[in-house]
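In our numbering, the protein residues as written are 37 to 699.
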């Protein structure tokens, strides 16, 4: 038994060896086939390149578009294999791109183009890296062939392109560009602005301010320099403006374009308001120096944080805490850290827009009075009984109460155009139990407009004032763009009534009045009141009289103190800036008891010019503002001509009249 078992085992071994031999013979064709497939991939590339024709699958629209080559051809095999990132096809193709003859290089690039168009990432990476590593340092940068380089993808029309490779390239560039690869960056920003589809192509989608903002955030100094120069990230507000989808996080806030120096602050990017408010919370001296570009300036300009009430109206979810409010402007000296919300129920303490206990809405102060209005409009009214062409001589721009009383006392007869409906609507109002409502005069409505965002419930129409323009028209002020002009008396327009309570020294309630302190009242401007001196300071050049053009950067058109403080501190080749310095002695000697005099900004100067006759003692020439227009010019106002414009900074014949302001 033992020997039989052993013999059987030997037999089994013989049978097994026979089976193995048969299987090995049968496997030869499969191995050969696999070998052929491996070498066949290389052969597809070689054959396709050597054929030197891409007719039918490359440049199908005359602009470089590709389709798959015909099935079964060597070019089809080459494109498909590279689309699937097979090195055995990609590597020899890339070798030909680098080492082949001119015709071979062209065919190899066309194969890569077709593969990238199908979504082959290796092929697409070739075009990105070729530009990144080997692009030119001058225009047209990487745009060498137009069709077989990255520029083809960058110039696709971004509204309706259908190209998988282009989508991949855009995604890659979005991640790569903040690293500031010079050649690639130059190509993308160049392609953005040149045909085809200039400013409407895929390069435009990628070449956005966010590139430099992110580059700066990543610590790239060149990115910070560029972002500063282009006004992309001098504050949270600028970042949100230039990058609408910017996430809420810490950002580098630049303040020096030469060194790329920056501070770091947290920006809440839910809206422009939250960006400005949070940006204003942390301010350094370097940021304050960006007078018209820092976050507090923008927050003040747009009324985001002038009071706790305005802050919460723009940012309802704002957490309770201490906020840097800007009731009096946007300088380090005028910021008021305030705990919000204010616990007091007094509407005067809460600030403009607060609803008082009696149901009226506190609308702020003007000309020495607290002003109150109703929560909503009184309605739509004709100014007079149409048609109306009688001049009633109600022309006060500051005393709407007096205008309304005059209009109410006119009756038919003898005035056949009475009653004067808009004024009557206020005169007869009994809102909140008061009977002293009136139709506001022009300047009173201007003061109300300045608080429109916090008072609320205004339309965008032009509201009636009680100030007559002539026999057929009356001043009305648009609550859309703030423009005040005359409208026909027989038009129907909205009415919002006012009442007031005396609160401040009444010695100078009207424009042109001399105040008890000796200053001249100019009038209401934005949210404050403007005062000037009784006499000019003299005539001066804007700079030191040198014709060489230098930009100072002080271009604030609304608040001259922002310009003045910067100009008098400059020590450049055009200093001293004589017009601004003319106001400095007033501060040095505390003239009229104040040391906050300054050269007015453009629009402050316009208000002075408008009320020049009432103020008095103005020369017949032009007056300098502190607002720079260009390297060679600054804004001025012609009192005699009643217009503004820009003069050369070296002109010596312009006068200077200094101003200050109060709430």
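No residue lacks a Cβ here, since even glycine has one placed at the ideal position from N, Cα and C.
Which residues DSSP lists as bridging residue i, in chain order
i	result
residue 567	557, 696
residue 576	690
residue 474	534
residue 261	Bridge partners of residue 261: none, in fact.
residue 286	302
residue 416	530
residue 406	401, 537
residue 361	372
Of the listed residues the options, nearest to residue i (C-alpha basis)
i	options	result
residue 222	176, 185, 233	176
residue 307	351, 337, 319, 288	351
residue 680	641, 357, 160	641
residue 588	568, 577, 609, 343	609
residue 136	86, 91, 99	86
residue 498	383, 289, 417	417
residue 544	435, 105, 534, 312	435
residue 232	151, 100, 265	100
residue 425	510, 534, 671, 621	510
residue 311	354, 120, 296	354
residue 419	400, 444, 401, 406	444
residue 349	179, 603, 487	487
residue 671	577, 617, 611	577
residue 246	450, 268, 394, 381	268
C-beta atoms of residue i and residue j nearer than 8 Å
i	j	result
residue 220	residue 192	no
residue 242	residue 224	yes
residue 500	residue 512	yes
residue 690	residue 657	yes
residue 446	residue 458	no
residue 614	residue 580	yes
residue 702	residue 314	This structure gives no information on residue 702, because the portion of the chain shown stretches from 37 to 699.
residue 462	residue 473	yes
residue 433	residue 343	no
residue 683	residue 669	yes
residue 79	residue 118	no
residue 227	residue 187	yes
residue 208	residue 147	no
residue 535	residue 398	no
residue 289	residue 323	yes
residue 334	residue 273	yes
residue 547	residue 650	yes
residue 635	residue 558	no
residue 115	residue 105	yes
residue 270	residue 326	yes
Residues near residue i in its chain [Cβ-Cβ closer than 8 Å; skip 5 each side]
i	result
residue 251	213, 214, 215, 216, 258, 259, 260, 262, 263
residue 678	645, 646
residue 73	Its pLDDT being 37, under 50, residue 73 is placed unreliably by the model, and nothing is read from it.
residue 373	358, 359, 360, 361
residue 61	Confidence at residue 61 is low in this model, with a pLDDT of 43, below 50, so the placement of that residue should be treated as unreliable; the coordinate-derived value is given next. There are no such residues.
residue 508	424, 425, 524, 525
residue 495	413, 515, 530
residue 254	214, 215
Where residue i falls, given that 16 or more other Cβ within 10 Å makes a residue buried
i	result
residue 583	exposed
residue 427	exposed
residue 506	exposed
residue 286	exposed
residue 339	buried
residue 156	buried
residue 139	exposed
residue 113	buried
residue 560	buried
residue 300	exposed
Sequence-distant residues of the same chain with beta carbon closer than 7 Å to residue i, five excluded per side
i	result
residue 130	162
residue 637	592, 593, 594, 595, 596, 599, 661, 662, 663
residue 145	133, 184
residue 210	242
residue 160	152, 201, 204, 205
residue 295	none
residue 304	284, 310, 311, 314
residue 320	299
residue 356	376, 377
Sequence-distant residues of its chain with Cβ nearer than 6 Å to residue i (five each side left out)
i	result
residue 632	696
residue 467	410
residue 439	430, 432, 477, 502
residue 413	530, 532
residue 401	none
residue 179	187
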